[in-house]
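Asks: For reference, the structure I am asking about is given below.
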Ligand code: UT7
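So this is what it looks like as structure tokens:
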């Protein structure tokens, strides 16, 4: 890579409405004790009716742009990682651009490129890879990467194996090659997938769901998951990908300041930390407060880690994630 890629703004948005484990005890046959011991989750946040993934993403985007000192009209690319877009068309990226007041011709390079992509929970890591490659061909690019999810809209609140796990949130970063005001340099990214495992996590409602006016929504529209198979794959893939990215950058685990894994389950987070042999004080977790917010977990965790003082600009940070597809990946910041 000839041109460096810097993160110069970070923001997150957490919907105010909270659903605790005790709230879920009233909806399904579950208990705070089961959810806490199996997942670590105590509460999750859900969007109010009428507030969508684009609205939550917009708030996170505004915070990231403010920190970067970037005006919306300076943005050249908006990439949105989501598996719960507002619509099949238009893209959530275009909806956010519209809400930011960005229109054709307002970008520094002319028109603004907007698109969504779906790598499920690995979306943020995939987006970092996308951004650093765009910067190679467009060194003047100012990229807004938003990860936003409205998973509660595809959660069956009568399915106890699913509804306790997920929540809504958004995070965003601004990336560019200009080091002025940089928080971290994006040193490296690795992205992987195995499409033969595509049935392990599904969310319906795409064009494979044939509908006509008045159709009844069936169970296939909601999140479904083969939990234990996903669990095993998650631990293996995040561990291996993290070691690969460290190795190819000549960085040892001891040199890392912070490890931020995907926030799906505290047991997975601990298992990956233990397999890597990393000091547990360097493993960041906030899944207790939000549940699994898919693509949004990493930027939300980065922002929470920063607020808690655990993450500072310039620190060596390893991010890693896995999700539906299956997809997985790791990114190194410094
Ligand atoms: O971002 C990627 C998304 N996915 C993940 O990261 C999830 C990965 N998987 C997991 O985190 C875990 O597999 C789960 C938390 C989903 C499940 O934990 P588990 O230890 O694998 O439990 P299980 O699915 O084997 O279920 C154990 C028991 C079952 O009862 P029986 O068959 O043993 O009688 C379930 O019916 O727990 C029961 N159960 C529940 N009980 C109370 C399942 N969900 C619940 C619940 N409350 N909410």
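Residue numbers (my numbering): 650 to 983.
Virtual Cβ for every residue (Gly too), placed ideally from N, Cα, C.
Owing to the predicted nature of the structure, the values given are computational and were not obtained by experimental measurement.
(1) Tell me which residues share the same chain as residue 832 and place their Cβ nearer than 7 Å to its Cβ, disregarding the 5 neighbours each side in the sequence.
(2) For residue 939, list the residues DSSP reports as bridge partners.
(3) What does a CB cutoff of less than 7 Å around residue 785 pick up in its chain, not counting 5 residues either side in sequence?
(4) Could you work out which residue in 940, 912, 882 and 967 is closest to residue 901 when comparing CA atoms only?
(5) Would the stretch 847-865 and the stretch 887-907 be scored as touching if the rule is three or more Cβ pairs under 8 Å?
(6) Leaving out five residues on either side along the sequence, give the residues of the same chain with a beta carbon under 7 Å from the beta carbon of residue 788.
(7) So, is residue 912 buried or exposed, given that buried needs 16 or more other C-beta atoms within 10 angstroms?
(8) State the start and end residues of the unbroken beta strand (DSSP E) segment that holds residue 1057.
(9) Does the contact criterion of 3 or more C-beta pairs under 8 Å hold for the stretch 760-772 versus the stretch 800-819?
(10) Within its chain, find whatever has a CB closer than 6 Å to the CB of residue 821; leave out the 5 residues flanking it on each side and keep chain order.
(11) DSSP state of residue 897, grouped into three classes?
(12) I want to check one thing, is the minimum distance from the CB of residue 813 to the heavy atoms of the ligand UT7 below 6 Å?
(13) In the DSSP output, which residue or residues are listed as bridge partners for residue 655?
(14) Let's see if you can read the secondary structure: which residues bound the beta strand (DSSP E) around residue 765?
(15) Are the stretch 835-851 and the stretch 973-980 in contact at 8 Å, needing three or more beta carbon pairs?
(16) What does DSSP give as the partner residues of residue 797 in its beta bridges?
(17) Check whether the Cβ of residue 914 sits closer than 6 Å to any heavy atom of the ligand UT7, and report yes or no.
Replies: On the basis of the data shown:
(1) So the list reads 656, 657, 659 and 962, once near-sequence residues are dropped.
(2) Residue 939 has no beta-bridge partner at all, per DSSP.
(3) 650, 651 and 652
(4) For the options 940, 912, 882 and 967, the alpha carbon positioned closest to that of residue 901 is the one of 967.
(5) By the C-beta criterion, the stretch 847-865 is judged not to be in contact with the stretch 887-907, since fewer than 3 inter-stretch pairs fall below 8 Å.
(6) 652 and 826
(7) Residue 912 is buried by the Cβ-count criterion.
(8) Since the first residue shown for the chain is 650 and the last is 983, residue 1057 is missing from the structure and cannot be characterised.
(9) no
(10) Scanning its chain for C-beta atoms nearer than 6 Å, with the 5 sequence neighbours on each side dropped, one finds around residue 821 the residues 660, 709, 710, 713 and 795, in chain order.
(11) Residue state, collapsed to three classes: helix.
(12) yes
(13) 825 and 834
(14) Looking at the DSSP string, the run of the beta strand (DSSP E) that includes residue 765 is 762-766.
(15) yes
(16) 819
(17) Short note on residue 914: C-beta closer than 6 Å to some heavy atom of the ligand UT7.
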